[in-house]
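Taking the UniProt record's numbering, the leading residue of the sequence shown gets 1, the next gets one more, and so forth. Notes to accompany the following structure.
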Amino acid sequence: MNTTDSRVELSFDVVGSPSIPDTLRPRILERLDRRLVDGVVTVAASEFRAQLANRQAARERLAALLRSAAEAPPPKRRPTRPSRAAKERRLDAKRRRGETKRSRRASFSD
1 MNTTDSRVEL SFDVVGSPSI PDTLRPRILE RLDRRLVDGV VTVAASEFRA
51 QLANRQAARE RLAALLRSAA EAPPPKRRPT RPSRAAKERR LDAKRRRGET
101 KRSRRASFSD
């Protein structure tokens, strides 16, 4: 019976790594703060039976994690206002809807 453990854990020191530029380090540390233990991020892979395949999967997962953490934040949304025509269309639709409802009312003038 084969009971060998092919699980792989890959650790990467985010705080002390010289391969991460100093401009990106704060962003990566902020985004990975929940996964860091003393500045080290650990990725585990155990989905394959072969240890080499798990090593490759762990490397790919770590690279994807660091790549997504280093991405630039999306640009800020500039608030906009509705145009005059859009406001007029909205008010016109409200008037038409009110007229429709008013015409459905029963009149008690008798």
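The beta carbon of each residue, even a glycine, is placed where N, CA and C say it ideally should be. Note that this is a predicted model, so its numbers are computed, not measured.
In its own chain, which residues sit with a C-beta less than 6 Å from the C-beta of residue i, not counting the 5 before and 5 after it?
i: A70; result: L24, I28
i: L10; result: V43, A58, L62
i: R78; result: none
Residue i bridges to which residues according to DSSP?
i: L10; result: V43
Quick one: grab the DSSP three-state call for residue i.
i: M1; result: Residue placement at M1 is flagged as unreliable, the pLDDT there being 38, under the threshold of 50; a coordinate-derived value is accordingly withheld.
i: L36; result: strand
i: residue 195; result: The structure shown does not extend to residue 195, since the chain is modelled only from 1 to 110, so the question has no answer here.
i: G98; result: helix
i: L24; result: coil
i: R31; result: helix
i: K76; result: coil
i: S107; result: coil
i: A50; result: coil
i: R61; result: helix
For residue i, I'd like the list of residues in its chain whose CB is within less than 8 Å of its CB, leaving aside the five on either flank, ordered along the chain.
i: N2; result: Note that N2 has pLDDT 43, beneath the 50 cutoff, so the model's placement of it is unreliable and the number below is only indicative. Correct list: empty, nothing qualifies.
i: N54; result: S6, R7, V8, A45, S46, E47, F48
Out of curiosity, what's the CA-to-CA distance linking residue i and residue j?
i: K101; j: L65; result: 57 Å
i: R89; j: P73; result: 36 Å
i: E47; j: R7; result: 8 Å
i: R96; j: T80; result: 27 Å
i: E60; j: Q51; result: 14 Å
i: P75; j: R104; result: 49 Å
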